[in-house]
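*Asks:* Under numbering that gives the first Met the number 0, read the sequence shown as residues 0 to 830, first letter to last. I have a structure I would like to understand better, so I am pasting it below and will then ask my questions one at a time.
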Amino acid sequence: MPSSTWTLPHRGAFGLVLACASSCSNASRLAPPLPNPPAPVAAPALAGPQAPAFVPEESLTELRRRLLEEHDLDCDQRITKLDQGNRSFQFRLSEHAYELSGSYVLSNLLQELSLALRLGATPRIDRVLEPPIQRTSRLIRTEYWPALTRQIDESGVPRVLEDPKLSPVAQRMLYVPGDDREALDYFRGVGKRYDVAYKKLAQTTTTLPLSELIEIAASEEKQRVLIVMLRTAEGRTALADASRRLAAVAQTLGYPALSRHLAAALGRIDELLEQAGRACVQLSPVRLGRIAERTARELGAFSPRELSVRALPAPETWPEWTASLGTLHGPLTLALEHDHKRGMSGVPFVVPGGRFDEMYGWDSYFILLGLLIDGRLDLARGLVDNFVYAVEHYKMILNANRTYYLTRSQPPFLSSMIRAVWEATPAAEQSGSWLRRALNAALFEYDHVWSSHERRVATLCRGKGNEKACLTRYADRGRGQPPEVEPGHFDWLWQQLGRSLESSYASGRLSQRDLTAELDSAFRHDRCMRESGHDTTYRWFWQADAGSGEKRSVNRCAEMVTVDLNSLLYRYEVDIAHLLRQAHALRVSAGGLETGGSSPSQPAPAWSLAPAPQSWCARAHHRFELMKQHLWSARDGIFYDAYLSASGPIQTGYVSATTLYPLWATALPCEADGTPGVEDLSAKDKSLLVTSALSQLEAPGGLLATARASRDRFSSAGDRQWEYPNGWAPHQMLAWQGLTAHGFREDAQRLSFAWLYTLLSNVIDYNGTIPEKYDVVARTHAVFSEYGNVGTEFDYIAREGFGWMNASFQVGLGLLSPEERERLAQSVAER
């Protein structure tokens with residue numbers, strides 16, 4: 000039989016030789032091209048030696064196992080550049096024989112085999128040929144967004160109830176706004192069906208020799224039993240048999256979503272058992288212990304549980320109430336919609352990924368940008384609809400939809416999200432009622448969260464009446480230690496306070512009141528930092544009196560007005576002016592008809608009573624003047640945060656990527672009555688800002704979170720994740736957009752190219768890894784400060800990437816010119 004050899008012209012890290020025992024015509028099918036795609040890799044040429052006919056046929060499980068044994072030399076269930084060994088692999092599948100080479104191609108093979116095993120499908124061997132740009136974009140568009148999509152309803156509850164940030168407990172909690180009676184009745188019905196299903200599960204498993212196995216998850220001592228079982232083939236066979244029995248039980252529960260949730264846990268157990276049989280795992284007590292721990296956690300899904308559905312108390316009680324919940328924290332429900340086929344269903348939303356399985360505040364704006372590029376207007380609109388629900392029932396955009404976030408928000412992007420979705424919606428599909436409801440929510444958030452809360456509004460104001468603007472700061476209404484942090488996170492604080500109180504104790508002046516006041520202050524500033532989204536960074540630190548004339552740097556977030564927040568509120572004011580014009584135009588075009596305002600029982604909607612667009616433009620202008628007065632350093636060409644000292648605001652001098660936020664904020668003019676507003680940043684100031692910022696913040700892999708010189712003030716302190724040398728996707732996207740809008744396109748292209756090259760390099764070298772953040776100096780995802788790097792721990796295949804990192808790839812590709820895309824493709828091919 001004739002054979003052929005295919006060779007990619009750019010071998011580098013992803014060179015490939017593919018030999019087929021037939022014509023392999025299907026192997027040339029690739030995913031649909033990107034809009035304005037980079038120059039594709041040339042079609043393979045047909046020529047070469049005979050295919051290796053001696054390779055035997057194997058099952059997909061056997062094939063994956065042999066691939067790992069031969070090429071996963073560090074035993075992490077992935078094929079990366081760290082696996083230094085023979086890079087050639089031969090196999091036979093569906094009567095075709097193949098020979099592949101290169102770590103990138105072999106990692107793609109591992110991913111395709113794993114995907115086929117998970118779906119029970121035929122592996123797409125042709126996709127190992129995909130160039131990295133095309134493959135990464137396709138996976139984000141077709142695999143990662145769906146994998147990150149959630150909804151809170153009967154089908155989504157089993158997964159939503161899990162919270163890796165808290166210790167698992169038998170009683171699961173679900174909280175519903177007390178003023179949403181329809182949702183409360185619906186979820187109480189869900190809770191009853193959930194409890195019935197788990198009772199049936201418990202009754203069934205007690206009749207099988209599985210009860211002790213299921214209890215293992217609750218005991219470290221019993222986890223040792225798992226380790227013993229995992230060490231032998233007989234033990235693993237017994238566990239596999241137990242898994243099959245549990246799978247059969249899971250299908251009888253009468254709760255399809257719970258059955259799917261349990262089946263997914265069993266699928267992960269099967270993969271763990273496969274891993275445990277590898278020689279490299281058997282020789283490592285640490286690896287085997289880790290697999291035992293993970294197996295126990297998956298088995299824990301079968302342990303007895305109850306779901307308590309509760310109505311939230313009144314909002315004014317939340318600060319004290321959330322502090323007293325202890326183990327009773329739980330998720331908060333979001334918007335429901337009526338479906339004529341399925342009844343009530345949750346409005347879908349997209350989560351960041353990893354251990355972040357909720358709808359997060361500012362993450363969602365950047366995720367939305369990626370969704371819109373990928374044509375997922377439905378999911379983008381769902382994010383807005385859920386945020387509107389949150390404002391209506393939780394009185395603000397929450398840090399995320401769990402009870403321990405009820406007292407704080409996150410950086411405000413709601414108005415920009417509404418505007419982006421509205422402008423992406425075809426004119427024939429635009430709904431005036433949708434826009435007006437969303438606008439009402441944005442106005443409420445602006446007025447009640449950011450413009451009137453005494454903890455957030457500073458006394459630095461300008462303008463009068465409806466045109467008045469005041470500089471604003473982050474805050475949090477809660478008290479005490481944030482419950483979602485890992486054990487030991489605040490050890491440094493307790494140690495530091497112990498030292499600071501030593502002199503008071505020695506002199507007999509220490510009292511419980513002193514300690515409580517200082518701890519309350521420390522946690523207030525920590526909570527403020529978490530509301531900013533930049534948790535944690537030394538940006539917020541300031542010299543404070545530690546007693547006996549000693550000074551120490553401490554977090555003073557709640558006493559700072561910041562560049563980022565006030566830039567976002569400037570943009571909020573610009574967006575509201577624009578959206579008000581849209582809403583008024585729709586009312587006029589509809590003949591002046593509008594719901595509300597026709598009777599005392601039907602008051603006029605907030606948007607119709609809001610100040611006119613020109614007032615919002617004036618307010619935005621006043622805010623920017625305050626920023627230039629208090630936050631802009633003409634000498635340094637940098638926007639700094641300002642500490643609110645007793646004698647007045649003092650610029651911190653800390654250089655952060657947020658200094659470029661004003662470029663993004665002023666990218667769109669404030670339009671009043673259809674006429675452009677005043678230019679708030681001169682051409683000279685823009686040029687000075689860009690030059691000064693990039694000279695300190697540009698790194699080989701993109702934009703740094705903070706300048707090295709600023710970080711080095713605290714070089715003896717612990718690393719913080721929002722610091723040099725790390726770079727974050729939101730900073731990149733805002734900078735790209737701001738630079739492009741103000742004519743610095745070359746800088747934007749250079750920065751986006753560097754970021755995309757970093758992302759692709761890690762995808763190629765590390766089995767498709769798309770993490771939460773990068774070290775942009777070393778161009779690596781190996782970031783270990785504080786929480787580590789979410790999105791880097793997976794087996795076989797990256798299942799979801801990370802929300803705003805996925806978006807940054809799609810947004811960055813859209814920003815590059817065709818020539819720059821081609822250069823990017825060539826650069827990664829020639830690495």
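We put the CB at the ideal spot given by N, CA and C, even for glycine.
According to the Cβ coordinates, are Leu630 and Ala645 closer than 8 Å?
*Replies:* Contact flag unset, no.
*Asks:* For Thr424 and Trp449, which I take to be in contact (beta-carbon distance under 8 Å), what is that distance rounded to the nearest angstrom?
*Replies:* Actually they do not touch by this definition, with Cβ atoms about 26 Å apart.
*Asks:* Check whether the Cβ atoms of His583 and Glu466 sit closer than 8 Å, and answer yes or no.
*Replies:* No, these two residues do not count as a Cβ contact at 8 Å.
*Asks:* Among Phe713, Ala704, Ser166 and Ala633, which one has its Cα closest to the Cα of Ser686?
*Replies:* The residue with the shortest Cα to Cα distance from Ser686 is Ala633.
*Asks:* If you draw a straight line from the alpha carbon of Ser344 to that of Gln494, how long is it in whole angstroms?
*Replies:* Near 49 Å, if we compare the C-alpha coordinates of Gln494 and Ser344.
*Asks:* Comparing alpha-carbon positions, which option in Gly288, Leu378, Asp574 and Tyr765 lies nearest Thr834?
*Replies:* Since the displayed the chain opens at 0 and closes at 830, residue 834 lies outside it and no answer follows.
*Asks:* For Phe443 and Ala605, what's the separation of their Cα atoms in angstroms?
*Replies:* Looking at the two C-alpha atoms, the distance is approximately 8 Å.
*Asks:* Going by beta carbon distance, what residues of the same chain come within less than 6 Å of Leu116, once the five residues before and after it are set aside?
*Replies:* Counting only Cβ-Cβ distances below 6 Å, and skipping sequence neighbours, we find Leu59.
*Asks:* Between Asp179, Asp178, Arg171 and Thr206, which lies nearest to Lys191 when the distance is taken from Cα to Cα?
*Replies:* That would be Arg171, whose Cα lies nearest to the Cα of Lys191.
*Asks:* So, do the region 108-128 and the region 322-340 have three or more beta carbon pairs nearer to each other than 8 Å?
*Replies:* Flag = no, the region 108-128 and the region 322-340 do not touch.
*Asks:* Tell me which residues share the same chain as Arg77 and place their Cβ nearer than 6 Å to its Cβ, disregarding the 5 neighbours each side in the sequence.
*Replies:* Hits under 6 Å: Asn766.
*Asks:* Find out if the Cβ-Cβ distance for the pair Ile226, Phe301 is shorter than 8 Å.
*Replies:* It is not a contact, given that the beta carbons lie outside the stated cut-off.
*Asks:* For a minimum of 3 consecutive residues, which ranges assigned as the beta strand (DSSP E) are wholly contained in the region 435-480?
*Replies:* DSSP runs (the beta strand (DSSP E)) wholly in the region 435-480: 456-461 and 468-471.
*Asks:* Just checking my contact of Leu371 with Tyr174 at CB under 8 Å: how many whole Å lie between their CB atoms?
*Replies:* The pair is not a contact, with the Cβ atoms about 31 Å apart (cut-off 8 Å).
*Asks:* To which residues of the same chain is Thr705 closer than 6 Å at the C-beta, ignoring the five residues directly before and after it?
*Replies:* Cβ neighbours of Thr705 beyond the five flanking positions: Ser655, Glu722 and Tyr723.
*Asks:* Are there 16 or more other CB atoms within 10 angstroms of the CB of Gly188, so buried, or fewer, so exposed?
*Replies:* Exposed, because fewer than 16 other Cβ atoms sit within 10 Å of the Cβ of Gly188.
*Asks:* Since Gln414 and Ile575 should fall inside the 8 Å C-beta cutoff, what is the C-beta to C-beta distance between them, to a whole number of angstroms?
*Replies:* As written in the sequence, residue 414 is Ser, which differs from the Gln given in the question. Correct: roughly 6 Å between the Cβ atoms.
*Asks:* Give the DSSP-derived three-state secondary structure of His337 in the structure shown.
*Replies:* DSSP places His337 in strand when its eight states are reduced to three.
*Asks:* Evaluate Leu282 with the Cβ neighbour count: other Cβ atoms within 10 Å of its Cβ, from every protein chain shown; 16 or more gives buried, anything less gives exposed.
*Replies:* With fewer than 16 other Cβ atoms within 10 Å, it is exposed.
*Asks:* So, for Gly479: in the same chain, excluding its five sequence neighbours on each side, which residues have a beta-carbon less than 7 Å away from its beta-carbon?
*Replies:* Ala322 and Phe522, listed in sequence order.
*Asks:* Per DSSP, what are the beta-bridge partners of Val553 in this structure?
*Replies:* Trp541.
*Asks:* Measuring only the C-alpha atoms, how far is Leu382 from Leu147?
*Replies:* Going by the C-alpha atoms only, they are around 13 Å apart.
*Asks:* Do Gly155 and Leu311 count as a contact pair if the criterion is CB distance below 8 Å?
*Replies:* Contact: no.
*Asks:* Starting from Asn725, follow its DSSP beta bridges and name the residues at the other end.
*Replies:* Per DSSP, Asp774.
*Asks:* What would DSSP say about Gly352, mapped onto helix, strand or coil?
*Replies:* DSSP places Gly352 in strand when its eight states are reduced to three.
*Asks:* Could you name the residues of the same chain whose beta carbon sits closer than 6 Å to that of Glu799, not counting the 5 residues immediately before and after it, in chain order?
*Replies:* So the list reads Tyr143, Ala146, Leu147 and Gly352, once near-sequence residues are dropped.
*Asks:* If I'm right that Leu755 touches Leu823 with Cβ under 8 Å, what's the distance once you round it to whole angstroms?
*Replies:* Leu755 to Leu823, Cβ: 6 Å. Contact.
*Asks:* Quick check: the Cα distance between Leu815 and Arg235, rounded to an integer number of angstroms?
*Replies:* Cα-Cα distance, rounded: 51 Å.
*Asks:* Checking the sheet assignment: what are the DSSP bridge partners for Val560?
*Replies:* DSSP output for Val560 lists Ala641 as bridge partner(s).
*Asks:* List the endpoints of the continuous beta strand (DSSP E) containing Glu98.
*Replies:* Looking at the DSSP string, the run of the beta strand (DSSP E) that includes Glu98 is His95 to Ser100.
*Asks:* If you scan the region 290-349 from start to end, which runs of the beta strand (DSSP E) of 3 or more residues do you find wholly inside it?
*Replies:* If we require 3 residues or more, the beta strand (DSSP E) runs fully inside the region 290-349 come out as 305-310, 335-338 and 342-345.
*Asks:* Which residues bound the beta strand (DSSP E) around Val175?
*Replies:* Its beta strand (DSSP E) spans residues Gln170 to Val175.
*Asks:* Exposed or buried, which one is Arg529 when buried takes at least 16 other CB atoms within 10 Å?
*Replies:* With 16 or more other Cβ atoms within 10 Å, it is buried.
*Asks:* Given a cut-off of 8 Å, decide if Pro303 and Ala201 are closer than it, judged by their beta-carbon atoms.
*Replies:* It is a contact, given that the beta carbons lie within the stated cut-off.
*Asks:* Just verifying my parser: in three-state terms, what is the DSSP assignment at Pro163?
*Replies:* Here Pro163 sits in coil by DSSP.
*Asks:* Between Pro843 and the rest of its own chain, which residues show a CB-CB distance below 6 Å, the 5 nearest in sequence each way excluded?
*Replies:* What is shown of the chain runs 0 to 830, which leaves residue 843 out entirely.
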